[in-house]
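If you read the sequence shown in the numbering used here, its first letter stands for residue 1, the second for the next number, and so on. Where a beta carbon is used, it is the ideal one built from N, C-alpha and C, also for glycine. These figures come from a predicted structure and were not determined experimentally. Notes to accompany the following structure.
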Amino acid sequence: MEKIAEDRAGTGAGEGPAIAVAISLDAVVIAEPRSAGALVVRQATGRESVVARIFRAATAISSSGRAAIGREEAFGHIFLFVPVALGVGAVIWFALPLTLPIAAPMLLLAVSTVFAVLSRFGRPAAYRTWSALALCAAGMLLADAEVRRLQTVILDTPVTTQVTGRVLRREAGAGGDWRYLVRVEATAEPAIRRAPEEVVLMTRARHEPFALGERLHGRARLSPPSGPALPGLDDFSFASYFGGIGAVGYFLGAPTRAEGAPATGARAWWEAAEQTLLVVRDDITQRIRRTVPGDAGGFAAAILTGDRRSMSAATTEALRLSGLAHITAISGLHMALAAGIFFVGLRKLLSLSPAIAQSWPIKKIAAMAALAATFLYLMISGSQVSAIRAFLMTAIMLVAVLFDRPAISLRNLALAAIVIVAVWPSQVLGASFQMSFAATAGLIAGYDGWRRGAARQSRYAPDFPGRKILSFLWNFAAGTFVTSLIGGLATAIFAVAHFHRLAPYGLVANLAAMPIISVVVMPAALAAMLLMPFGLDTPFLILAGEGLEIVIVIATTVASWSEGTSFGRFGDWFLPLASTGLLLLTLLHTRLRWIGAAVLAAVIGLAILLPAEDTADLIVSEDGRLAGLPAVDGRTIATNRSKPADFLFSQWQHALARPDHLGPLRSADDPVTEVRATGTDRFSAGQIRTVRETMRRQFEAAIPGRFRCTGKSWCIARLEKGWRVATVEDQALLGVACDVADLVITPRRPPFGVCRSGARMIDAEALRRMGATEFYLGNYDDRDIRQRTAFTTLDRPWQRHRLYDWRTGSFADEQPAKRAPMAQVSDSGG
Numbered sequence: 001m002e003k004i005a006e007d008r009a010g011t012g013a014g015e016g017p018a019i020a021v022a023i024s025l026d027a028v029v030i031a032e033p034r035s036a037g038a039l040v041v042r043q044a045t046g047r048e049s050v051v052a053r054i055f056r057a058a059t060a061i062s063s064s065g066r067a068a069i070g071r072e073e074a075f076g077h078i079f080l081f082v083p084v085a086l087g088v089g090a091v092i093w094f095a096l097p098l099t100l101p102i103a104a105p106m107l108l109l110a111v112s113t114v115f116a117v118l119s120r121f122g123r124p125a126a127y128r129t130w131s132a133l134a135l136c137a138a139g140m141l142l143a144d145a146e147v148r149r150l151q152t153v154i155l156d157t158p159v160t161t162q163v164t165g166r167v168l169r170r171e172a173g174a175g176g177d178w179r180y181l182v183r184v185e186a187t188a189e190p191a192i193r194r195a196p197e198e199v200v201l202m203t204r205a206r207h208e209p210f211a212l213g214e215r216l217h218g219r220a221r222l223s224p225p226s227g228p229a230l231p232g233l234d235d236f237s238f239a240s241y242f243g244g245i246g247a248v249g250y251f252l253g254a255p256t257r258a259e260g261a262p263a264t265g266a267r268a269w270w271e272a273a274e275q276t277l278l279v280v281r282d283d284i285t286q287r288i289r290r291t292v293p294g295d296a297g298g299f300a301a302a303i304l305t306g307d308r309r310s311m312s313a314a315t316t317e318a319l320r321l322s323g324l325a326h327i328t329a330i331s332g333l334h335m336a337l338a339a340g341i342f343f344v345g346l347r348k349l350l351s352l353s354p355a356i357a358q359s360w361p362i363k364k365i366a367a368m369a370a371l372a373a374t375f376l377y378l379m380i381s382g383s384q385v386s387a388i389r390a391f392l393m394t395a396i397m398l399v400a401v402l403f404d405r406p407a408i409s410l411r412n413l414a415l416a417a418i419v420i421v422a423v424w425p426s427q428v429l430g431a432s433f434q435m436s437f438a439a440t441a442g443l444i445a446g447y448d449g450w451r452r453g454a455a456r457q458s459r460y461a462p463d464f465p466g467r468k469i470l471s472f473l474w475n476f477a478a479g480t481f482v483t484s485l486i487g488g489l490a491t492a493i494f495a496v497a498h499f500h501r502l503a504p505y506g507l508v509a510n511l512a513a514m515p516i517i518s519v520v521v522m523p524a525a526l527a528a529m530l531l532m533p534f535g536l537d538t539p540f541l542i543l544a545g546e547g548l549e550i551v552i553v554i555a556t557t558v559a560s561w562s563e564g565t566s567f568g569r570f571g572d573w574f575l576p577l578a579s580t581g582l583l584l585l586t587l588l589h590t591r592l593r594w595i596g597a598a599v600l601a602a603v604i605g606l607a608i609l610l611p612a613e614d615t616a617d618l619i620v621s622e623d624g625r626l627a628g629l630p631a632v633d634g635r636t637i638a639t640n641r642s643k644p645a646d647f648l649f650s651q652w653q654h655a656l657a658r659p660d661h662l663g664p665l666r667s668a669d670d671p672v673t674e675v676r677a678t679g680t681d682r683f684s685a686g687q688i689r690t691v692r693e694t695m696r697r698q699f700e701a702a703i704p705g706r707f708r709c710t711g712k713s714w715c716i717a718r719l720e721k722g723w724r725v726a727t728v729e730d731q732a733l734l735g736v737a738c739d740v741a742d743l744v745i746t747p748r749r750p751p752f753g754v755c756r757s758g759a760r761m762i763d764a765e766a767l768r769r770m771g772a773t774e775f776y777l778g779n780y781d782d783r784d785i786r787q788r789t790a791f792t793t794l795d796r797p798w799q800r801h802r803l804y805d806w807r808t809g810s811f812a813d814e815q816p817a818k819r820a821p822m823a824q825v826s827d828s829g830g
């Protein structure tokens with residue numbers, strides 16, 4: 001199109017609108033300005049062309065979008081995205097395979113801040129973009145600062161040693177076992193060169209429980225915190241690093257009390273104060289357990305002091321399957337109920353005196369008292385990060401009451417999120433943080449819509465006797481339903497992304513249990529805590545216990561209806577896109593929020609319609625002791641263990657959406673037992689030939705897709721594609737396995753590096769560097785093996801312990817092979 005004329009151009013006073021005339025190949029087109037600077041393009045004949053209609057629609061959408069963003073700014077909702085940008089920066093920093101030099105985020109922060117200042121009074125879009133980049137860079141720096149502040153030492157390899165340390169915390173199990181958080185003072189036989197500072201140790205041996213602050217001594221088996229159970233799943237060593245836990249393990253026998261003074265010397269005053277507080281917390285926990293026996297007592301201890309190990313495994317699983325496990329974690333629910341009950345109760349009590357009500361600001365007095373009460377609740381609960389997060393949110397709301405500001409608002413939620421991200425940026429990657437803030441944001445946004453709708457309906461509601469009572473009952477029932485529904489929907493995407501399953505009847509369980517928690521359990525528990533110093537807490541603890549017994553019955557009943565729905569793993573795109581949609585839907589106020597709804601709908605649709613990712617033919621745990629063959633039936637995983645460790649195997653089941661387990665067959669032909677019975681570690685040439693022939697016969701007779709085990713020495717499996725897999729526990733038999741198998745898996749460190757036969761060796765050292773590994777086995781004749789590993793590099797601080805060599809006291813420079821999820825190909829050489 002070529003412009004040929006302009007008539008009455010100009011924008012001065014008294015001038016008419018400028019009309020541009022142009023000639024195209026199709027028609028004469030006239031463009032004239034409309035309101036808000038928009039242009040309407042129409043054909044000279046009076047009919048709009050397709051291009052003109054598209055142009056006019058795009059212009060209208062752009063103008064409407066700018067106006068909506070302006071209204072969001074007027075509402076103050078742009079501020080709500082400050083913690084989002086900080087969190088995105090932290091997530092990027094933690095997700096990188098390599099640790100960035102600190103100069104990189106500092107340079108990004110400086111440059112983006114300068115451009116944000118320069119564009120402050122220019123184009124709004126540029127200002128918002130540069131501000132978001134500056135906040136992302138600040139989030140990266142906060143993540144880097146948290147790592148530098150902690151410097152947690154993680155044990156490099158499993159070891160059995162003598163441990164001497166001081167008990168920092170203790171938790172009693174339902175079966176009489178105890179779990180201790182121990183600050184390590186010394187190790188011996190052998191002495192660990194790079195010893196962790198704090199470890200978690202369990203003991204099932206009968207002993208007199210150690211008090212907090214006591215020193216203990218005993219022989220223990222220590223192991224590094226485990227990595228992902230499968231590539232792409234949560235890395236538990238990450239959480240342990242930022243929790244200060246350097247190793248986990250158990251005592252071999254009962255520990256004893258250590259003599260002498262602590263090796264760490266005198267404690268600072270804040271450590272002594274913390275120890276005193278922990279002793280008080282422990283005393284409260286034990287009093288609750290003595291007053292309320294059984295699982296109800298363990299449940300009460302969980303919601304009051306944060307001790308969640310006192311319940312039996314059956315009850316814990318029932319709560320998880322029914323969708324009520326969130327009640328056991330001290331979070332926003334408990335803090336809000338405690339603060340609300342104390343605030344409303346004290347305000348009603350003060351209002352009984354007209355003199356006090358008229359002379360004093362009883363609302364603010366009640367808010368200050370509720371703030372003090374929730375702070376004490378935080379201290380007693382053990383100051384877990386989830387409890388601190390809930391306290392910050394509650395405290396901001398109560399402080400808002402003191403300044404006559406709205407107590408429940410998304411701005412208060414954003415302030416709490418900013419504090420959490422600033423102090424503990426690693427929490428952004430945790431399911432607890434994500435689910436807690438998603439539920440709170442959803443409930444606040446839902447409450448805002450509910451309040452506006454209720455205000456409109458109240459204008460036309462008829463007045464009649466008993467209306468207030470019916471209105472209260474209706475609001476309570478509807479509020480419980482809506483709260484459970486919104487909370488369940490807001491947290492569903494994170495439950496699927498992190499745990500790969502949902503409780504299908506969670507809404508029913510929450511509708512039945514939450515009124516009991518809100519009306520009976522929490523008020524009685526709060527009264528018990530207030531009266532405990534006077535010895536008058538027993539009736540209220542018993543009442544809370546009775547309420548929790550009902551909740552347990554509800555959980556058990558609902559859990560019996562279904563074992564939960566497993567969804568398997570989604571792609572890396574699922575959680576970021578779903579989170580973006582949820583944030584837009586809950587944080588925005590104008591019609592822009594429906595963009596979030598569209599994004600959520602698109603993500604859910606893609607998750608349903610896109611084909612599931614290919615399932616590996618062979619999966620191996622990071623310690624090499626468990627191997628699995630996912631069956632083609634889509635429901636079963638065959639393993640080399642009759643009873644695989646539930647913590648690990650349950651993650652396999654949910655991540656692969658295969659609920660059934662197929663254990664190994666047992667072979668009666670065991671040529672190794674007689675040799676080992678003689679106490680020798682060496683096999684004669686004849687015995688080696690016998691073992692080799694036995695393995696070959698077992699491979700020929702093997703049922704495809706299922707393991708067959710011979711004692712504790714080895715297991716073999718033959719796949720449909722012809723591949724032969726052997727898992728070997730006895731190190732002396734590794735050479736034999738290399739002769740007859742294509743893949744040899746062992747939890748040992750073999751004396752030789754590779755199989756001379758060309759078989760692929762997957763040993764302890766390789767798995768230590770790679771983590772849990774999935775193998776995709778292609779055509780047998782082409783020897784096509786693809787693998788997907790849990791770790792791509794080991795450069796991050798919570799992974800560096802995997803490169804440490806205790807023999808030399810240094811870190812190895814060698815890095816594992818780069819991860820190529822579906823394209824890494826190796827030759828047949830082991």
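query, result
"By a C-beta neighbour count over all protein chains shown, 10 Å radius and 16 as the cutoff for buried, is residue 37 buried or exposed?", "Because residue 37 carries a pLDDT of 41, less than 50, the predicted location of this residue cannot be relied on, and the following value inherits that uncertainty. That one is exposed."
"Looking at residue 321: is its Cβ nearer than 8 Å to the Cβ of residue 711?", "no"
"Cutting at 6 Å between CB atoms, please list the residues of its own chain near residue 747, excluding the five before and the five after it.", "623, 624, 625, 764"
"Enumerate in chain order the residues of its own chain whose CB-to-CB distance from residue 193 is below 7 Å, with the five nearest sequence positions on each side excluded.", "806, 809"
"What three-state label does DSSP hand residue 755 in the structure shown?", "coil"
"Tell me the DSSP secondary structure of residue 630 in three-state form.", "strand"
"If we call anything under 8 Å between Cβ atoms a contact, is residue 180 one with residue 163?", "no"
"Kindly identify the DSSP beta-bridge partner or partners of residue 248.", "200, 223"
"Is DSSP giving residue 311 helix, strand or coil here?", "coil"
"Touching or not, the segment 592 to 604 and the segment 421 to 437, by the rule of three or more beta carbon pairs under 8 Å?", "no"
"What did DSSP end up calling residue 241 once you bin it into helix, strand or coil?", "helix"
"How about residue 521 and residue 541: are their beta carbons less than 8 Å apart?", "no"
"Got a sec? Which residues, its chain only, sit under 7 Å from residue 337 by beta carbon, not counting five neighbours each side?", "518, 522"
"Count the other CB atoms, across all protein chains shown, that sit within 10 Å of the CB of residue 153; report buried if there are 16 or more and exposed otherwise.", "buried"
"Whose CA, out of 226, 581, 323, lies closest to the CA of residue 645?", "226"
"When burial is assigned at 16 or more other CB atoms within 10 Å of the CB, is residue 102 buried or exposed?", "exposed"
"Below 8 Å between beta carbons: does that hold for residue 312 and residue 301?", "no"
"Pick out whichever of 634, 594, 647 has its Cα sitting closest to the Cα of residue 613.", "634"
"Applying the 10 Å Cβ sphere with the 16-neighbour rule, what's the burial state of residue 551?", "buried"
"Using 10 angstroms around the beta-carbon of residue 283, count the other beta-carbons present and answer buried if the total reaches 16, otherwise exposed.", "exposed"
"Residue 170 and residue 216 look like a contact to me (Cβ under 8 Å); what is the Cβ gap, rounded to whole Å?", "Not confirmed; about 10 Å, so no contact."
"Just verifying my parser: in three-state terms, what is the DSSP assignment at residue 178?", "strand"
"Does the structure place the segment 637 to 655 close enough to the segment 750 to 766 that three or more beta carbon pairs sit under 8 Å?", "no"
"Pick helix, strand or coil for residue 474, following the three-state DSSP scheme.", "helix"
"Classify residue 742 as buried or exposed, calling it buried when 16 or more other Cβ atoms lie within 10 Å of its own Cβ.", "buried"
"Counting pairs of Cβ atoms below 8 Å between the segment 285 to 302 and the segment 473 to 482, do you hit three or more?", "no"
"In chain order, what residues of the same chain lie with their CB nearer than 7 Å to the CB of residue 731, ignoring the 5 residues before and after it?", "748, 750"
"Would the segment 329 to 347 and the segment 373 to 389 be scored as touching if the rule is three or more Cβ pairs under 8 Å?", "yes"
"Got a sec, what are the start and stop residues for the beta strand (DSSP E) residue 661 sits in?", "660 to 662"
"Can the beta-carbon of residue 493 be found less than 8 Å from the beta-carbon of residue 578?", "yes"
"What does the alpha-carbon distance come out to for the pair residue 585 and residue 149?", "36 Å"
"With a threshold of 6 Å on Cβ separation, who are the neighbours of residue 85 within its own chain once the five nearest residues in sequence on each side are excluded?", "132, 135, 136"
"Where residue 405 and residue 394 are concerned, what is the direct C-alpha to C-alpha distance, given to the nearest angstrom?", "14 Å"
"Can you give me the start and stop residues for the alpha helix (DSSP H) that residue 604 sits inside?", "593 to 609"
"Can you have a look at residue 366 and say buried or exposed, based on whether 16 or more other CB atoms are within 10 angstroms of its CB?", "buried"
"Assuming residue 652 contacts residue 237 under a Cβ cut-off of 8 Å, what Cβ separation, rounded to an integer in Å, is found between them?", "Actually they are not in contact, since the Cβ atoms of residue 652 and residue 237 sit about 18 Å apart, beyond 8 Å."
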